[in-house]
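1002 is the number of the first residue of the sequence shown in the numbering used here; add one for each residue after it. Cβ coordinates follow ideal geometry from the N, Cα and C atoms, glycine included. Note that the structure is a prediction, hence the values are computed from the model and not measured.
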Amino acid sequence: MKAFSQNINSDQKADLSLLEPILASNKGQRGNAIAILQEAQAIFGYLPLEVLEKISEVTKEPLAKLYGVATFYTQFRMKPTGRHLIMLCQGTACHVMGADRVQQAIEDELRIENGETTEDRLFTLLTVACLGCCSLAPVMKIDGETYANLTSDSVRRILRKEADGECN
Ligand code: FES
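And the structure:
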């Protein structure tokens, strides 16, 4: 997984120079907010306020609008995530197949709730709508890798394995 933290310095400030290639082609141009925010999030892992301010300054898109877009769409994150991003599907098929029990197991195992990051900053849990593989429900992705037909037990095993992998 890409280490987003490398793009955020020890003062927790984003290296805004990394935005230059994206912003160069959008100078003074409004109306491309979602694409720009997606690219910015791919760089930093989330959307720090100073990043939104820089985008607003260059594109002339009002900061309030950028903030509104970033907080409206669930794909955008306003807080830094842990090293591993767990995206648990709570779409209809997954919900029917027991995603609530899986979510409870994750929350118990990691002692966090949806949207939170563990104290050791290893995991962030986000619930999302359909991940596009409903026949495998219930499903989650960790760092983009799909885990299917989850149960409370299997999700605990997966999380422990991920955590162990960090120690090796
Ligand atoms: S509802 Fe979960 S993958 Fe579609």
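Item, Value
"When DSSP labels each residue in this structure, what does residue 1045 get in the three-state scheme?", "helix"
"I need the boundaries of the alpha helix (DSSP H) containing residue 1148, first residue and last residue.", "Element bounds for residue 1148: not the alpha helix (DSSP H) but the beta strand (DSSP E), 1146–1148."
"Between the C-alpha atoms of residue 1064 and residue 1133, what's the straight-line distance to the nearest angstrom?", "33 Å"
"Using 9 Å as the threshold, is the C-beta distance between residue 959 and residue 1038 below it?", "Not covered by the structure: residue 959. The range shown for the chain is 1002 to 1169."
"Run the CB neighbour count on residue 1022, radius 10 Å, all protein chains shown included, and call it buried at 16 or more, exposed below.", "exposed"
"Which of the three DSSP states is assigned to residue 1151 in this structure?", "coil"
"Could you please give me the residues that DSSP links to residue 1140 through a beta bridge?", "According to DSSP, which records beta bridges pairwise, residue 1140 is partnered with nothing at all."
"For residue 1140 and residue 1018, I'd like the C-alpha separation in whole angstroms.", "37 Å"
"Are the beta-carbon atoms of residue 1091 and residue 1076 separated by less than 9 Å?", "no"
"To the nearest angstrom, report how far apart residue 1131 and residue 1072 are at their CA atoms.", "19 Å"
"Residue 1099 and residue 1147: beta carbons closer than 9 Å?", "no"
"Alpha helix (DSSP H) containing residue 1073: first to last residue?", "1064–1073"
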